[in-house]
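Colleague:
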Amino acid sequence: MGSYILKGYSVTQFNIFIIRAVFGAVFAVILTRMFYGKVELVYVAGLAVFLVGMAYVLEYFRKRRKNIK
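Quick note on the working numbering: the sequence shown kicks off at 127 and runs consecutively.
(1) Would F153 and A174 qualify as a contact pair, given that the criterion is a beta-carbon distance under 9 Å?
(2) Check whether the stretch 144-162 touches the stretch 174-193, counting contact only when three or more Cβ pairs, one atom from each stretch, lie closer than 8 Å.
(3) Do you know how far the Cα of E185 is from the Cα of R159?
(4) Thinking V168 and V155 are a contact (beta carbons under 8 Å), I'd like their distance in whole angstroms, please.
(5) Straight-line CA distance for L94 to G163?
Right, dumping it as C-alpha cells:
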C-alpha cells in the first residue's frame, strides 16, 4: 500500500479513499438536491460512485503525465 507524507502525517491509500468517498457523498447530496429538488438514495449513490471513480481516473492521468516528462 502506498502512502503520502504531508507535514509529518502518513496518509495511506485507504485514508484517501475514505476522504474521497465522504466528499463524493456530500457533493452528490448537494448536486442531487440542486438539480432534482429532493434527495433520493439511488441518485446519490450513483453520483457518489461516479464522482469517486472520476477522482481515481483523473489521478491516474495526472500521475501518467507526470511520469512522461
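Backbone N, C-alpha and C fix where the C-beta goes; we use that ideal spot for every residue, glycine too.
Modeller: By the coordinates alone:
(1) yes
(2) yes
(3) 27 Å
(4) No, V168 and V155 are not in contact; Cβ-Cβ is about 13 Å, not under 8 Å.
(5) Residue 94 lies beyond the stretch modelled for the chain, which goes from 127 to 195, so this question has no answer here.
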